[in-house]
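K.L.:
To start, I am sharing the structure in question, which I have written as structure tokens.
Numbering (this note's numbering), first residue to last: 178 to 283.
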């Protein structure tokens, strides 16, 4: 089972956000709506997790994501983070192996 704590959508243009957000929010329940946050290329920022937080550059984006507990080392390099993710399937497998090793150590 997977528990979704939050979904952060980054660098989505305003016109696309105006189309996508209502459609997505129509299909998800109220609880999930509060966990979706859009970050795009505009300069307006709001603080509510359910609202639309928008950022104009990667430094502002990183600052905004840090407010949600997402630090630079957790984010991919294409948005200014420190994690290089080239092969998602391989990365997931590495994470699974690390979790299994940690469970065996405990």
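C-beta atoms are modelled at their ideal positions from N, C-alpha and C, and glycine is treated no differently.
Compare the Cα-Cα distances from residue 188 to each of 214, 246, 280, 250 and report the closest residue.
P.N.:
To locate residue 188, count along the chain shown from 1; it is residue 11. That would be 214, whose Cα lies nearest to the Cα of residue 188.
K.L.:
Give a yes or no on whether the C-beta atoms belonging to residue 250 and residue 257 are separated by under 7 Å.
P.N.:
Taking the first residue of the chain shown as 1, we reach residue 250 at position 73. Taking the first residue of the chain shown as 1, we reach residue 257 at position 80. No, they are not a contact pair.
K.L.:
Comparing alpha-carbon positions, which option in 270, 210, 194, 263 lies nearest residue 183?
P.N.:
As a first step, residue 183 must be located in the chain shown, where it is residue number 6. For the residues 270, 210, 194, 263, the minimum Cα distance to residue 183 belongs to 210.
K.L.:
Mind checking who residue 253 pairs with in its DSSP beta bridge?
P.N.:
Translated into the one-based positions of the chain shown, residue 253 becomes position 76. The partner list for residue 253 (beta bridge, DSSP) reads 260.
K.L.:
With a cut-off of 8 Å on the beta carbons, I'd call residue 241 and residue 216 a contact; round off their distance for me.
P.N.:
In the chain shown, residue 241 corresponds to position 64, counting from 1. In the chain shown, residue 216 corresponds to position 39, counting from 1. With a Cβ gap of about 6 Å, residue 241 and residue 216 count as contacting.
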